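First up is the structure itself, then whatever we jot down about it.
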Amino acid sequence: MRSSAIAILVLLSLPALAGAETLLPPDLLERPFPSSASHPLSLAEIRGDRPLLVVTFFSATCPCQRAHDVRLLELADAFGDRVAFVSVDSNVQASVEVARREKSRRRYPFPILVDAEGVLADALGARFATYSIVIDAEGRVRYAGGIDDDRNRLRPDARLYLRDALVALLDGREPDLARTKVFGCFLRRR
């Protein structure tokens, strides 16, 4: 019985997208969402002319999210000239006020989109905070999964899944792991 429960938890931690070549519809990429900025933003607008966009699902109350803020900030610093970053709050209590407060508190150099209806979460298969997607210029999902293999305490020997995927994609290669497990709090949805 215990092994069945563990198997279910492992399955629940896997990303929902079927593969790394999922093509997102243009209307989803162009749809503006309320944001921590002074106006609504779309994924396409955030990506701009950069070849890649990292979308990380966010929870203001998740300890895993807080722990991984350091890694997100490091990634944005290391890749920000070639990769756009955005966080998406798809929790039921998401609001512009929360997004603005958390962007400032966490010192994110990228916006937080408000997706209280779960449109992006549903389309991208997000069920957990820290779930990250890499989307290329054509709207294809090239990576889906965790930032790394840590839970809520960062280890120096962690496997840095998202960093490794970005390095590979920017070098013109496919990531060694296009799908990985996610450690984070459940996104509270309607």
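Mapping to the numbering used here: the sequence shown position 54 is 720, numbers consecutive.
Note that CB positions come from ideal geometry on N, CA and C, so glycine has one too.
The structure presented is a predicted model; accordingly, all values stated were derived computationally and were not measured.
Residues in its own chain within less than 8 Å of residue i by CB, not counting five upstream and five downstream?
i, result
"Gln731", "Phe724, Ser725, Ala795, Thr796, Gly850 and Cys851"
"Arg819", "Ala733"
"Leu836", "Pro717, Leu718, Phe745, Arg748 and Val749"
"Ser679", "Residue placement at Ser679 cannot be trusted, given a pLDDT of 39 that sits under 50; what the coordinates show is reported in the next sentence. Here the set comprises Phe794, Lys847, Val848 and Phe849."
"Gly714", "Ala750"
Quick one: give me the first and last residue of the beta strand (DSSP E) that residue i is part of.
i, result
"Ser860", "No answer is possible for residue 860: the residues shown for the chain start at 667 and end at 856."
"Ala726", "Looking at the DSSP string, Ala726 is not in any beta strand (DSSP E), and its letter there is neither H nor E."
"Ala810", "Val807 to Gly811"
According to DSSP, what are the bridge partners of residue i?
i, result
"Leu790", "Paired residue(s): none; Leu790 is not in a bridge."
"Thr688", "Answer is none; Thr688 lacks a bridge partner."
"Ile799", "Val721 and Ala810"
"Ser701", "Leu779"
"Arg767", "DSSP, once it has assigned bridges, lists no residue as partnering Arg767."
"Leu707", "Phe699"
"Val852", "For the record, residue 852 in the displayed sequence is Phe; it is not Val. Bridge partners of Phe852: Phe794."
"Arg737", "Bridge partners of Arg737: none, in fact."
Over the uninterrupted alpha helix (DSSP H) stretch that includes residue i, give me the two end residues.
i, result
"Ala782", "First-last for Ala782: undefined, no H or E at that position."
"Leu836", "Tyr827 to Leu836"
Excluding the 5 residues flanking residue i on each side, which residues of the same chain have their C-beta closer than 6 Å to its C-beta?
i, result
"Gly784", "Ser756 and Arg855"
"Pro775", "Ala742"
"Thr722", "Ser753 and Ser798"
"Leu828", "Ser798 and Ile813"
"Ser701", "Leu707, Pro777 and Leu779"
"Gly685", "Summary for Gly685: the model assigns pLDDT 46, below 50, so the residue's position carries little reliability; its value from the coordinates is reported in the next sentence. Cβ within range, chain order: n/a, list empty."
"Asp842", "none"
"Leu690", "Gly805"
In whole angstroms, what separates the C-alpha of residue i from that of residue j?
i, j, result
"Asp772", "Asp735", "Checking the sequence, you will find Arg at residue 772 rather than Asp. Going from the Cα of Arg772 to the Cα of Asp735 covers about 7 Å."
"Ala782", "Glu840", "32 Å"
"Pro692", "Leu853", "25 Å"
"Cys728", "Asp802", "28 Å"
"Gly812", "Arg737", "11 Å"
"Leu779", "Leu719", "14 Å"
"Arg825", "Leu694", "31 Å"
"Val752", "Arg767", "15 Å"
"Gly805", "Gln759", "28 Å"
"Asp747", "Leu707", "19 Å"
"Pro777", "Val749", "14 Å"
"Ile712", "Arg817", "28 Å"
"Phe699", "Leu786", "10 Å"
"Arg808", "Glu763", "31 Å"
Is any heavy atom of the ligand ZN found at a distance shorter than 7 Å from the C-beta of residue i?
i, result
"Pro841", "With respect to the ligand ZN, the structure offers nothing, as it holds no ligand at all."
Report yes or no: is there a C-beta of chain C within less than 8 Å of the C-beta of residue i?
i, result
"Asp815", "The chain inventory of the structure shown lacks chain C, comprising one protein chain alone."
Quick one: is residue i buried, meaning 16 or more other Cβ sit within 10 Å of its Cβ, or exposed?
i, result
"Ser770", "exposed"
"Arg821", "exposed"
"Ser704", "exposed"
"Ala744", "exposed"
"Leu832", "buried"
"Leu790", "buried"
"Leu675", "Unreliable positioning characterises Leu675 in this predicted model, as indicated by a pLDDT of 36, which lies under 50. The coordinate reading is nonetheless provided below. So Leu675 counts as exposed."
So, for residue i: in the same chain, excluding its five sequence neighbours on each side, which residues have a beta-carbon less than 7 Å away from its beta-carbon?
i, result
"Arg697", "Ser708"
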